[in-house]
Amino acid sequence: VSEFFHFEVSRKHTPSSDESFKRFLAHSPSVRSFYLRVLSLKKVLHVSDSEAPEIIRTILDDYDFIGITERLDESAVVLAMLLDVPVGDVLYLNAKTNGGYDDGAYQNTCQFIQPSHVSPGMQEYFQSKEWIAKSKWDDLLYRVANRSLDLTIDLLGREKFNENMEKFQQAQRLARERCLAEEIFPCTSTGEQNSKASCLWADSGCGYKCLDNIARELSLSY
Numbered sequence: 028v029s030e031f032f033h034f035e036v037s038r039k040h041t042p043s044s045d046e047s048f049k050r051f052l053a054h055s056p057s058v059r060s061f062y063l064r065v066l067s068l069k070k071v072l073h074v075s076d077s078e079a080p081e082i083i084r085t086i087l088d089d090y091d092f093i094g095i096t097e098r099l100d101e102s103a104v105v106l107a108m109l110l111d112v113p114v115g116d117v118l119y120l121n122a123k124t125n126g127g128y129d130d131g132a133y134q135n136t137c138q139f140i141q142p143s144h145v146s147p148g149m150q151e152y153f154q155s156k157e158w159i160a161k162s163k164w165d166d167l168l169y170r171v172a173n174r175s176l177d178l179t180i181d182l183l184g185r186e187k188f189n190e191n192m193e194k195f196q197q198a199q200r201l202a203r204e205r206c207l208a209e210e211i212f213p214c215t216s217t218g219e220q221n222s223k224a225s226c227l228w229a230d231s232g233c234g235y236k237c238l239d240n241i242a243r244e245l246s247l248s249y
């Protein structure tokens with residue numbers, strides 16, 4: 028859904044109808060077993076039902092850690108603990124927001140990203156046999172990765188994780204209040220290009236100086 032609204036609707040001005048969305052899914056490489064294909068360290072062009080479980084098992088064996096977008100804060104804190112670095116090292120700002128501007132790199136113009144949503148028609152399709160068949164192995168990998176994240180937290184210790192999570196979220200709240208108030212992104216909130224953007228690359232790592240200051244203030248850095 029995010030990919031459809033970002034690239035098709037916002038940049039290509041495709042109508043955000045259920046029919047357009049289904050056509051997009053029919054031709055998008057990001058649909059059938061996408062995560063199995065891109066995460067596998069071996070080249071996988073097609074994922075058969077007989078091969079999928081072994082591919083998932085191999086992915087979990089090959090990677091030391093897999094984060095979950097919908098559990099980004101938890102993933103960031105776990106990563107910091109696994110790497111034995113302060114949680115101040117994994118503070119972040121959202122580069123793009125739902126209903127904001129992109130990085131200004133496409134056609135050298137700030138493009139407004141239309142807010143994404145799931146319509147009743149899209150929701151109905153996600154419950155169809157067709158979609159379930161297309162996404163079943165990605166769904167399984169997602170559920171396994173979620174379970175792995177929970178087990179990793181248990182292994183690291185829930186009490187220590189919760190302590191780090193509280194510090195991290197306190198810093199994140201301060202970062203949203205302070206760092207987002209500054210014009211630090213390549214595109215301003217009104218869609219103008221900002222030559223003074225303080226990002227490490229494009230719209231990645233924006234506001235790093237502000238985040239570093241917050242980490243030092245809260246004693247979350249070396």
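FYI, in this note's numbering the residues of the sequence shown are 28 to 249.
By construction, the Cβ of each residue, glycine as well, lies at the ideal position given by its N, Cα and C atoms.
According to DSSP, residue 139 shares a beta bridge with 128.
Apart from the 5 residues on each side of it in sequence, residue 102 sits with its Cβ closer than 7 Å to the Cβ of 94, 95 and 176 in its chain, given in chain order. Counting every other CB atom within 10 Å of its CB across the protein chains shown gives residue 88 a total below 16, marking it as exposed. Residue 247 counts as buried, since at least 16 other C-beta atoms from the protein chains shown sit within 10 angstroms of its C-beta. Distance from residue 218 to residue 137 at the Cβ level is roughly 5 Å; contact confirmed, criterion being Cβ atoms closer than 8 Å. Secondary structure remark: continuous beta strand (DSSP E) runs of at least 3 residues inside the stretch 54-83: none found. From the listed residues 48, 43 and 29, the smallest Cα separation to residue 152 is found for 48. Contact check between the stretch 204-224 and the stretch 73-87: fewer than three CB pairs, one atom from each, fall below 8 Å, which does not count as touching. For the set 51, 117 and 74, the Cα lying nearest the Cα of residue 62 is the one of 74. Rounded to the nearest whole angstrom, the C-alpha separation of residue 223 and residue 240 is 19 Å. In this model, residue 115 and residue 149 are separated by some 39 Å (Cα to Cα).
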